[in-house]
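A.B. asks: Provided herewith is a single structure, encoded as structure tokens, for subsequent inquiry.
Numbering (the UniProt record's numbering), first residue to last: 1 to 534.
Below you can see the structure in the form of structure tokens.
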């Protein structure tokens, strides 16, 4: 390609004579890339899977940590050249021929075409990167200042006299959510009683509602304050196609329309059955700003192209919070302004093939984030509070990652330890506890505690609290199942969990096994709990 006039960067085909150390460096880098590809191709299938998984994880980590840095001037110049080449119909890429050959395309016969990128200043010398370093330093300072502001906001507690939040736990019918919601309510009551004893009327914990979206009452309406709303109508159930998480925004939509004014509290706390309070959470939310737990796997910036389709106002992508709809504290009037949009977006995302595929099981969480950013005249930004909850076994102490005491446990993942008490992630342990094992029966009272060598205080506290509730709640013994044999029959427990996954539909198949014959128990970070959680 002829040298482009008045451009700071030139893109040339390799093979001719070159001068300058930068040419040699770039060629060596591309050769290393090709060697890496060749080594991957020679891996066994299982090893290849592991290698690609590791590289993907590394790339995602880099996106999380580096994705928001500004591009350097050199990178911008390179992008300009690539854009020009694309306009000329050229394909630029170190693996161009290799990719087409693997796909059986005509380009495979051409082999790999290597391109060099030379960055020059206007006088022909190598580019000075000092300006780039200054840009990065400035960006880092801005990020640090923004983080400091967010931390300060999260530290602020709403101490307005008389203000409280009303806990709302949404769920469907069935044994699985039944026992979880009874345990959750038991610990809500104990936590609130202690809070009132210590703080009096200053305790921010208000009333409680079990939001049952089965369309009819059950036998637990006397034990737990309950509001019954309809399940999805047939036409929307057809859209959901087994994705029963869509019941949640529909249930809250009905609650807001019919019952919002019936509660005395100005704030609501959206919770789920698998939440167990440890301490009484303060009121973080204000009339203008809610509070929520941050989920690292909700990545609006990664999916900007998809989100733009549901963002007619053109709200900047950095105004979309990396959160779901639970746990969330929010003023009920503010919530009333976004709940319809949350529901409508949940349906629209499900009907969008790409969004449905890419967002997967967490699409309803994305719908809430998008609704919060776009429904009102300006984006609703949430304080993100790490200490709202723990998620054992990945959290091992009763403190959040910021060192503060955590307020509740979210027991969505499987927990496995060997006889010595060592954590065995991805493998059924000699000691095993997973809520999905108890889909048709209550877990037995006095469930064995983890082995003596286990140091995970979050797991031990969870089992202790479930055991206490099981012993105290009426009718538990008549409904409890038998404790499986400990390490001798791991396949039995795996089969039971697989049946739960099969009920959840095709999207759950990857959660029951991990290939290569190694069993997976529980859902790991980044995976949404199965439909039976509702």
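Glycine included, every Cβ here is placed at the ideal spot set by N, Cα and C.
1. Put residue 279 into one of helix, strand or coil per three-state DSSP.
2. Going by DSSP, what residues sit across from residue 170 in a beta bridge?
3. Inspect the beta-carbon positions of residue 398 and residue 444 and report whether they are closer than 8 Å.
4. Thinking just about the alpha-carbon of each residue, which of 173, 231, 401, 351 is nearest to the one in residue 306?
5. Could you check where the beta strand (DSSP E) with residue 341 kicks off and where it finishes?
6. Quick one: using the 10 Å Cβ neighbour count with 16 as the cut-off for buried, is residue 409 buried or exposed?
7. Taking just the CA atoms, how far does residue 200 sit from residue 209?
8. Note the first and the last residue of the continuous beta strand (DSSP E) segment covering residue 270.
9. In the DSSP output, which residue or residues are listed as bridge partners for residue 390?
10. I'd like the list of long-range same chain contacts for residue 24, defined as Cβ closer than 6 Å, with 5 residues on each side in sequence excluded.
11. Leaving aside the five residues before and after residue 491 along the sequence, list all residues of the same chain whose C-beta is less than 7 Å from its C-beta, in chain order.
12. For residue 248, does the count of other Cβ atoms within 10 angstroms reach 16, so buried, or fall short, so exposed?
13. Am I right that residue 269 and residue 383 are in contact with their C-beta atoms under 8 Å? What's the rounded C-beta distance?
14. Is it true that the stretch 239-256 meets the stretch 383-395, where meeting means three or more beta-carbon pairs spaced less than 8 Å apart?
15. Secondary structure at residue 513, three-state DSSP: helix, strand or coil?
16. Within its chain, find whatever has a CB closer than 6 Å to the CB of residue 197; leave out the 5 residues flanking it on each side and keep chain order.
17. Can you check DSSP and say which residues form a bridge with residue 228?
18. Is the beta carbon of residue 466 sitting closer than 8 Å to the one on residue 167?
19. Excluding the five sequence neighbours on either side, which residues of its own chain have a C-beta within less than 7 Å of the C-beta of residue 47, listed in chain order?
20. DSSP state of residue 375, grouped into three classes?
21. Return the CA-CA distance between residue 290 and residue 385, expressed in angstroms with no decimal places.
22. Measuring only from the beta carbon, is residue 213 closer than 7 Å to any heavy atom that is part of the ligand COA?
23. Please classify residue 157 as buried or exposed, where buried requires at least 16 other C-beta atoms within 10 Å of its C-beta.
24. Give me the residue from 211, 426, 187, 316 with the minimum Cα distance to residue 373.
25. List the endpoints of the continuous alpha helix (DSSP H) containing residue 235.
26. Could you check whether residue 404 and residue 441 sit closer than 8 Å to each other, using their CB atoms as the reference points?
27. Within 10 Å of its beta-carbon, does residue 415 have 16 or more other beta-carbons around it, so buried, or fewer, so exposed?
28. Kindly indicate which residue of 241, 159, 396, 169 has the alpha-carbon position closest to the one of residue 202.
29. According to DSSP, residue 329 sits in a beta bridge with which residue or residues?
30. Spatial neighbours of residue 220 within its chain, please: C-beta separation below 8 Å, excluding the five flanking residues on both sides.
31. Which word fits residue 354, buried or exposed, when buried means at least 16 other C-beta atoms lie within 10 angstroms of its C-beta?
32. Around the C-beta of residue 261, are 16 or more other C-beta atoms found within 10 angstroms, so that it is buried, or is it exposed?
33. For the alpha helix (DSSP H) holding residue 467, just list the boundary residues, first then last.
34. Output yes or no for whether 8 Å exceeds the beta carbon distance between residue 324 and residue 365.
35. Would you mind giving the Cβ-Cβ distance between residue 164 and residue 265, rounded to the nearest angstrom? I have them listed as a contact below 8 Å.
36. Report back the beta-carbon spacing between residue 207 and residue 263 to the nearest angstrom; my notes put them in contact at under 8 Å.
C.D. replies: According to the data block:
1. coil
2. 211
3. no
4. 351
5. No beta strand (DSSP E) contains residue 341, which is instead part of the alpha helix (DSSP H) from 332-351.
6. buried
7. 22 Å
8. 267-271
9. 409
10. Residue placement at residue 24 cannot be trusted, given a pLDDT of 47 that sits under 50; the coordinates are not used to answer.
11. Bear in mind that a pLDDT of 37 at residue 491, under 50, signals an unreliable position, so the number given afterwards is only what the model happens to contain. Closer than 7 Å at Cβ, skipping near neighbours: no residue.
12. buried
13. With a Cβ gap of about 14 Å, residue 269 and residue 383 do not count as contacting.
14. no
15. Below a pLDDT of 50, predicted positions are generally treated as unreliable, and residue 513, at 28, falls in that range; the measurement from the model is reported next regardless. Note: residue 513 maps to strand in three-state DSSP.
16. none
17. 212
18. no
19. Note that residue 47 has pLDDT 39, beneath the 50 cutoff, so the model's placement of it is unreliable and no number is given.
20. coil
21. 10 Å
22. Looking at this structure, you won't find the ligand COA or any other ligand, since it has none at all.
23. exposed
24. 316
25. 234-240
26. no
27. buried
28. 159
29. 269, 291
30. 178, 181, 182, 210, 226
31. exposed
32. exposed
33. 457-472
34. yes
35. 5 Å
36. 6 Å
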